[in-house]
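Chemist: The sequence shown begins at -8 in the working numbering and counts up one residue at a time.
Think of the CB as a built atom: it goes at the ideal place given N, C-alpha and C, for glycine as much as any other residue.
Take a look at the following structure, please.
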Amino acid sequence: MSLYPKSHSQPLSLFSGVFAEKTVLITGHTGFKGAWLAEWLLLLGARVHGLALPPDGAPALFDQLGLAARVDHQIGDIRDAALVRRCMEEVQPDFVFHLAAQPLVRLSYEEPVETYATNVMGTIHVLEALRALQKPCVAVMVTTDKCYENREWLHGYREEDPMGGFDPYSSSKGMAELAIAAYRRSFFAGHPVKVASARAGNVIGGGDWALDRIVPDCIRALQEGLPIGVRNPHATRPWQHVLEPLSGYLCLAASLFKLPTNDSPLCSGFNFGPGHDANRTVGELVVEILKHWPGRWEDQSDPNAHHEAKLLQLSTDKASALLGWSATWRFADAVRETVTWYRASGHCNDPIRFQELTNGQIAAYIAAAEAALPWAQPIQ
Ligand SMILES: NC(=O)c1ccc[n+]([C@@H]2O[C@H](COP(=O)([O-])OP(=O)(O)OC[C@H]3O[C@@H](n4cnc5c(N)ncnc54)[C@H](O)[C@@H]3O)[C@@H](O)[C@H]2O)c1
């Protein structure tokens, strides 16, 4: 039986079929979002290439999915401009998804120089390598919802709001956004490369094993039968399943691909956030997780902790109006699918089992999106 909705016994037809037989370079393919994106692009029939550091410890989703055997990839550091340029020249991509980054706020307080070097100069190296390309290519540069100057507003940030960021991580992504916009204006007008950026909120999903993120922290505690220590129970975040921003990045790339030139409002920044029901506190997220994997949590708020934003929401009106994209799964669906993935993965070591589990969740997500969203509908 096919995992896909009836109309998608041919999953290659999603996103208007633009990824089938195309060459795609993902930076950061050994990370959480990069591994999910690589898996989805393989299903869409793309030739997937990667550039990133080695997986950061074990377990790593990249290893669990056995991706090393299925993508053509290079282990390397995006702080090395010549290496990034060589990689781009060799791969000659039709699409680039730039995800490689140091993505953790707390680590950025400990390693600010490395964080800026990777997130700002690494992004500029990717832009320089794209600038040297002599062929049509679509580039989606991934930043974050934290790139905005946070004013603790109750309403969602819009794409035109000022960049900023209190801590090194957030400001490094604000700086990356400014560099992307400057390169677009200065070097990409009339160039065959089309560049957009994508800002998404806090992502959850199976296979995230990062230290110092709330869901992996919960899973590690639950696996060991320990209470979950919660640092920031009252902070509100726009939680979304990893497939939400990924469908947004793919949708944006497919729309850019179809443009005749890069002189379009689509070559700009886009928010990909969840619906309003998913703007929840960390405490509410933990309680929802415990519905699917019973256990306990305790408040470990530290009055001397580094500053982290308390309120953060995104407006997704632009993605809805220009791309026909909106979020698919509600908060409860995203949490259920996330915990289901971790529970089902158990102590398994078989990549085929992980591929089935991950592809099954991609199929369920597409089925949920199919009725309402143009990207999930078959080619007419
Ligand atoms: N996970 C989230 O909640 C979230 C939210 C908003 C934005 N983002 C952004 O999405 C992207 C992916 O995040 P993730 O959660 O998958 O992170 P991750 O830590 O799981 O993966 C990061 C990837 O970047 C690579 N990388 C890091 N430094 C590098 C360097 N110097 N050279 C080459 N590769 C390097 C790593 O090897 C890895 O492949 C990042 O740009 C992050 O800022 C993530």
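#1: Can you determine whether any heavy atom of ligand 1 sits closer than 6 Å to the C-beta of Pro106, and answer yes or no?
#2: How about Ser246 and Leu314: do their beta carbons lie closer than 7 Å?
#3: Taking the beta carbon of Cys242 as the centre, do at least 16 other beta carbons fall within 10 Å, making it buried, or is it exposed?
#4: Count the other CB atoms, across all protein chains shown, that sit within 10 Å of the CB of Thr106; report buried if there are 16 or more and exposed otherwise.
#5: Buried or exposed for Glu81, please, with buried defined as at least 16 other CB atoms from any protein chain shown within 10 angstroms of its CB.
#6: Flag Phe178 as yes when its Cβ comes closer than 6 Å to any non-hydrogen atom of ligand 1, and as no otherwise.
#7: Determine the closest residue to Arg122 out of His267, Pro251 and Val184, with distance taken between C-alpha atoms.
#8: What do you reckon, are the CB atoms on Leu75 and Ile66 nearer than 7 Å?
#9: Looking only at C-alpha atoms, which of Asn253, Tyr160 and Gln93 sits nearest to Tyr174?
#10: Whose C-alpha, out of Asn193, Asn295, Ala170 and Glu275, is nearest the C-alpha of Trp288?
#11: Which runs of the beta strand (DSSP E), 3 residues or longer, sit entirely within the stretch 55 to 82?
#12: CB of Ala191 to nearest heavy atom of ligand 1: below 6 Å?
#13: Measure the C-alpha to C-alpha separation of Leu267 and Val129 and round it to an integer number of angstroms.
#14: Considering Gly260, what are the terminal residues of the beta strand (DSSP E) in which it resides?
#15: What residues are listed by DSSP as bridge partners for Tyr139?
#16: Taking its Cβ as the centre, do 16 or more other Cβ atoms sit within 10 Å of Ile343, making it buried, or is it exposed?
#17: Between Ala323 and Glu361, which are expected to be in contact by the criterion C-beta below 8 Å, what is the C-beta distance as a whole number of angstroms?
#18: Measuring only from the beta carbon, is Ala172 closer than 6 Å to any heavy atom that is part of ligand 1?
#19: Just to check, is the beta-carbon of Pro94 closer than 6 Å to a non-hydrogen atom of ligand 1?
#20: Less than 6 Å between the CB of Leu58 and some heavy atom of ligand 1, yes or no?
#21: Spatial neighbours of Asp152 within its chain, please: C-beta separation below 8 Å, excluding the five flanking residues on both sides.
#22: Just the C-alpha distance for Met(-8) and Gly286, rounded to the nearest angstrom, thanks.
#23: Could you tell me how far apart the beta carbons of Ile195 and Val206 are, in whole angstroms, since I believe they sit closer than 8 Å?
#24: Please return the same chain residues whose Cβ sits closer than 7 Å to the Cβ of Lys126, not counting the five positions on each side in sequence.
#25: Measure the CB-CB distance between Phe86 and Val15 and report whether it falls below 7 Å.
#26: Can you give me the start and stop residues for the beta strand (DSSP E) that Ser188 sits inside?
#27: Please look up how many angstroms separate the CB atoms of Gln332 and Gln304, rounded, as I've assumed it's under 8 Å.
#28: Quick test of your reading: Gly192 and Asp158, contact by CB under 8 Å. State the CB separation rounded to the nearest angstrom.
#29: Going by C-alpha to C-alpha distance, which of Ser99, Phe261, Phe88 and Pro103 sits closest to Val117?
#30: Is the separation between the beta-carbon of Thr21 and that of Pro50 shorter than 7 Å?
#31: For Arg271, report the span of its beta strand (DSSP E) as first-last.
#32: Any heavy atom of ligand 1 within a distance shorter than 6 Å of the CB on Asp68?
Modeler: So, from the listed chains and residues:
#1: According to the sequence shown, residue 106 is Thr rather than Pro. Set against 6 Å, the gap from the CB of Thr106 to the closest heavy atom of ligand 1 is not smaller.
#2: Taking C-beta atoms as the reference points, Ser246 and Leu314 count as a pair closer than 7 Å.
#3: Cys242 counts as buried, since no fewer than 16 other beta carbons sit within 10 angstroms of its beta carbon.
#4: Answer is buried; the Cβ neighbour count reaches 16.
#5: exposed
#6: no
#7: Val184
#8: It is Val, not Leu, that sits at residue 75 in the sequence shown. No, the pair does not count as a contact, with Cβ atoms beyond the cut-off.
#9: Asn253
#10: Glu275
#11: Considered as a whole, the stretch 55 to 82 harbours 63 to 66 as its complete beta strand (DSSP E) runs of no fewer than 3 residues, in chain order.
#12: yes
#13: It should be noted that the sequence gives His, not Leu, for residue 267. Using only the alpha carbons, I get a separation of about 30 Å.
#14: Gly260 to Phe263
#15: Tyr139 pairs with Met154.
#16: By the neighbour-count rule (16 or more Cβ atoms within 10 Å), Ile343 is not buried but exposed.
#17: No, Ala323 and Glu361 are not in contact; Cβ-Cβ is about 20 Å, not under 8 Å.
#18: no
#19: At least one heavy atom of ligand 1 is found less than 6 Å from the C-beta of Pro94.
#20: No; taking the cut-off as 6 Å, the Cβ of Leu58 has no heavy atom of ligand 1 nearer than that.
#21: Tyr139 and Glu140
#22: Low confidence applies to Met(-8): its pLDDT is 39, below 50, so where it sits in the model is not reliable enough to give any reading.
#23: 5 Å
#24: Gln83 and Pro183
#25: yes
#26: Val184 to Ala191
#27: One point to set straight first is that residue 332 is Trp, not Gln, in the sequence displayed. With a Cβ gap of about 26 Å, Trp332 and Gln304 do not count as contacting.
#28: Going by Cβ atoms, the distance from Gly192 to Asp158 rounds to 16 Å, so no, they are not a contact pair.
#29: Phe88
#30: No.
#31: Asn270 to Thr272
#32: yes
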